[in-house]
Amino acid sequence: MSRLALADTHCHLQDPKIAVRAEELVARAREAGVRFILVCGYDLPSSAQALHLADRFPEVYAAVGVHPHDAKTFGPSAAAELESLARHPKCVAIGEIGLDFYRELSPRSTQREALEAQLQLATELGLPVSVHSRGAEDAIAPHLERYAAAANALRAQGRPLGVMHCFGGNARQALRYADLGFFVSIACTIGYPKNERARELARTLPLSALVAETDAPYLPPQWARGQVNEPANVRAAVEGIAEARQVPFEVAAAETTANTARLFAPAETLLPAREP
-7 MSRLALADTH CHLQDPKIAV RAEELVARAR EAGVRFILVC GYDLPSSAQA
43 LHLADRFPEV YAAVGVHPHD AKTFGPSAAA ELESLARHPK CVAIGEIGLD
93 FYRELSPRST QREALEAQLQ LATELGLPVS VHSRGAEDAI APHLERYAAA
143 ANALRAQGRP LGVMHCFGGN ARQALRYADL GFFVSIACTI GYPKNERARE
193 LARTLPLSAL VAETDAPYLP PQWARGQVNE PANVRAAVEG IAEARQVPFE
243 VAAAETTANT ARLFAPAETL LPAREP
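Be aware that the sequence shown starts at -7, since it is given in my numbering, and climbs by one per residue.
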């Protein structure tokens, strides 16, 4: 078992493609040195399933939220149910929430309303957010700026405000969100030959603003393309960060894990595994 702690800040272990293998995949991640796994909801049922997984495994935590694709299902009753889920002791974030103007499976106005409601919930509960912003990397900025101005509980604790999940924007946009108080997440796809944008983000942003993710079962590493992804593969994202920055793997791993601990979990969940 690896003594070096890694952290996967975004995956979907409850996805039907891999849900029946959850116990096996968590064990494989543990063997690979992954000490923290955040399972993100994308609607109410998947958010409840994320909490169920968090109850089963000590290194698994949950984010609850309604994805912009499902924003059309978000209303007062859904908001009340989401708040109830978010009060679970192993819920450490609201997410996956945001805007998706690439596929637009919900109207843009509806996406914005659902996002605002969930950002308000995060503010009230003092929770960070996991943000999806596909095709909306600039459009989402006013929403996040308002959230940043209101997130007094997180700021009082000196904590980051959230993470830009699998960020697909450019370095200018990423730096804007880093300045607001968000981490930028790098996925295993940083190793794809054509994904120079992700490598530019990893080079340009300070290491103190980066975390790693798998988005499992999606976005597998280059060597596993065509296969389902899993949390154990988060090492590929960290390796990509290290290579882009020309720093040792151990440096990138230690920093991204420490960033994750600040953002989502008590530090003792992760940091002891970094000791020699």
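In this text, a Cβ means the ideal position worked out from N, Cα and C, and glycines have one as well. Since we're looking at a predicted model, the values are computed, not measured.
- Per the Cβ contact rule, the region 141 to 152 is not in contact with the region 124 to 131 (fewer than 3 Cβ pairs under 8 Å).
- Counted as a single uninterrupted DSSP element, the alpha helix (DSSP H) harbouring S76 occupies residues 68 to 78.
- Taken in chain order, the complete beta strand (DSSP E) segments of 3 or more residues contained in the region 81 to 126 are 83 to 92, 121 to 126.
- Less than 9 Å separates the beta-carbon of A46 from that of V31.
- Counting only the Cα atoms, L202 lies some 9 Å from A244.
- Around the CB of V123, 16 or more other CB atoms lie within 10 Å, so the residue is classed as buried.
- Here V239 is exposed: its Cβ has fewer than 16 other Cβ atoms, across all protein chains shown, within 10 Å.
- Comparing alpha-carbon positions, the option among R20, R27, A21, R13 lying closest to T249 turns out to be R27.
- In chain order, H135 place their CB closer than 7 Å to the CB of E108, counting only its own chain and leaving out the 5 sequence neighbours on each side.
- By the criterion of at least three beta-carbon pairs nearer than 8 Å, the region 92 to 99 is in contact with the region 60 to 72.
- Contact fails between the region 216 to 227 and the region 153 to 170, because fewer than three Cβ pairs, one in each stretch, are under 8 Å apart.
- Taken atom to atom, the span from the alpha-carbon of S101 to that of A114 is near 20 Å.
- Per DSSP, the beta bridge partners of Y53 are L30.
- Taking 8 Å as the upper bound for CB-CB distance, V56 and I29 are not in contact here, some 15 Å apart.
- Secondary structure note for F159: it is in no beta strand (DSSP E), with a DSSP letter that is neither H nor E.
- Annotation: L17 is outside any beta strand (DSSP E); the continuous alpha helix (DSSP H) that includes it extends over 14 to 23.
- When secondary structure is reduced to three states using DSSP, V243 falls in the helix class.
- When the beta-carbon positions are compared, S38 and L74 stay at least 9 Å from each other.
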